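Peer 1:
Protein chains in written order, with our numbering: chain U, 6 to 132; chain V, 731 to 869.
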């Protein structure tokens, strides 16, 4: 979605962070579901790195298209989820989970505030 | 959608752990069974879990993975043999073979399975809270 109408990039950043936080939640859910799977190696998404990469405009890794008619594949850019190379651990995953949930709620809260600001600007102080 | 995929993954975890609990219950219930349809004492069963990509094609790329019970294997090691000539299932030397179920091992796996189940419930709750929070945007 284009957010060009906004003077700053806050809404855009918040949208990206919500997307990546819910993606991270999915990965954590996968790790926790596979706690007792033999030889399963936990996956990781470094949220901070992903977001700074996106903000700096580091090019995303995508499927190579060898023909102009090829579909671009999944919209989710690849190369950001990495294999941590170790088994899952209940306590650590729960900590990550709580952290991620709080961060997500913070992002949502900030987005709500931001949209409130815009609304106030549009409607003026009607009270 | 992302949030529902997360719930799907947690649901697979819940399902797998519940199947594991079923097998543990079966082991404990049969801890003194000396007769089975296949003959001989009951063999302890074990659940083998395997991870599985969320959907088959996307699994080729990096994807979070669900979990599923791949197999239930029978363990034929470590039967307890006891001298009890009066027992109807005793062999000609008076030895009775009891199942290889160790209640302590089973209780430990029971606790582990129920902890893992709880963890999956916690993820499910967290995902639900996140989804509800997201619904507040623009309200």
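We put the beta carbon where it would ideally sit given N, CA and C, even for glycine.
Source: prediction; values computed, not measured.
(1) Looking at C-beta atoms only, is the number of pairs between the region 829-842 of chain V and the region 104-119 of chain U that lie closer than 8 Å three or more?
(2) How many whole angstroms separate the CB atoms of residue 740(V) and residue 833(V), which I take to be in contact at a CB cut-off of 8 Å?
(3) Return helix, strand or coil for residue 813(V), following the three-state DSSP convention.
(4) With 7 Å as the C-beta to C-beta threshold (strictly closer), list the residues of the region 853-864 of chain V near chain U in chain order.
(5) Would a check of beta-carbon distances place residue 41(U) closer than 7 Å to chain V?
(6) Answer yes or no: does any C-beta atom of chain V fall closer than 7 Å to that of residue 92(U)?
(7) Below 7 Å on C-beta distance, what does residue 838(V) contact in chain U?
(8) Does the distance from the CB of residue 836(V) to the CB of residue 754(V) come in under 7 Å?
(9) Quick one: using the 10 Å Cβ neighbour count with 16 as the cut-off for buried, is residue 71(U) buried or exposed?
(10) With respect to 6 Å, is the separation between the Cβ of residue 836(V) and the closest non-hydrogen atom of the ligand SAH below this value?
(11) Which residue wins for smallest C-alpha separation from residue 14(U), given the options 76(U), 44(U) and 61(U)?
(12) For residue 40(U), which residues in the same chain have their Cβ closer than 7 Å to its Cβ, ignoring the five residues on either side in sequence?
(13) Of the choices 744(V), 848(V) and 738(V), whose alpha-carbon is the least far from that of residue 779(V)?
(14) According to DSSP, is residue 740(V) helix, strand or coil?
(15) According to DSSP, is residue 795(V) helix, strand or coil?
(16) Taking 7 Å as the CB-CB cut-off, is residue 117(U) touching chain V?
(17) May I ask you to report which of helix, strand or coil DSSP gives residue 88(U)?
(18) Do you know how far the Cα of residue 869(V) is from the Cα of residue 127(U)?
(19) Any Cβ of chain V within less than 7 Å of the Cβ of residue 19(U)?
(20) Spatial neighbours of residue 809(V) within its chain, please: CB distance less than 8 Å, with the 5 preceding and 5 following residues excluded, ordered by chain position.
(21) Quick one: which residues of the region 47-66 of chain U get their C-beta closer than 9 Å to a C-beta of chain V? List them in chain order.
(22) Cα-Cα, which of 861(V), 847(V), 816(V) and 804(V) is closest to residue 768(V)?
(23) On a Cα-Cα basis, can you pick out the residue from 782(V), 801(V), 783(V) and 785(V) that is closest to residue 776(V)?
(24) Do you know whose CA, among 69(U), 125(U), 112(U) and 91(U), lies nearest residue 17(U)'s CA?
(25) Are residue 98(U) and residue 36(U) touching if we call contact CB-CB under 7 Å?
(26) Are any of the Cβ atoms in chain U nearer than 7 Å to that of residue 742(V)?
(27) Between residue 845(V) and residue 759(V), what straight-line distance do the alpha-carbon atoms span, to the nearest angstrom?
(28) In terms of residues, what are the limits of the alpha helix (DSSP H) holding residue 839(V)?
Peer 2: So, from the listed chains and residues:
(1) When Cβ pairs closer than 8 Å are counted between the two stretches, the region 829-842 of chain V is seen not to touch the region 104-119 of chain U, the count staying below three.
(2) The Cβ separation is near 30 Å, so there is no contact.
(3) strand
(4) 853, 856, 857, 859, 860, 863 and 864
(5) Taking Cβ atoms only, chain V reaches closer than 7 Å to residue 41(U), which makes this a yes.
(6) no
(7) Simply none; closest approach about 13 Å.
(8) yes
(9) exposed
(10) Looking at this structure, you won't find the ligand SAH or any other ligand, since it has none at all.
(11) For the set 76(U), 44(U) and 61(U), the Cα lying nearest the Cα of residue 14(U) is the one of 61(U).
(12) Result list for residue 40(U): 93 and 95, in chain order.
(13) 744(V)
(14) helix
(15) strand
(16) So, interface residue.
(17) Correct three-state label for residue 88(U): strand.
(18) 16 Å
(19) no
(20) 771, 827, 828, 829 and 830
(21) 48
(22) 804(V)
(23) 801(V)
(24) 112(U)
(25) yes
(26) yes
(27) 21 Å
(28) 833-865
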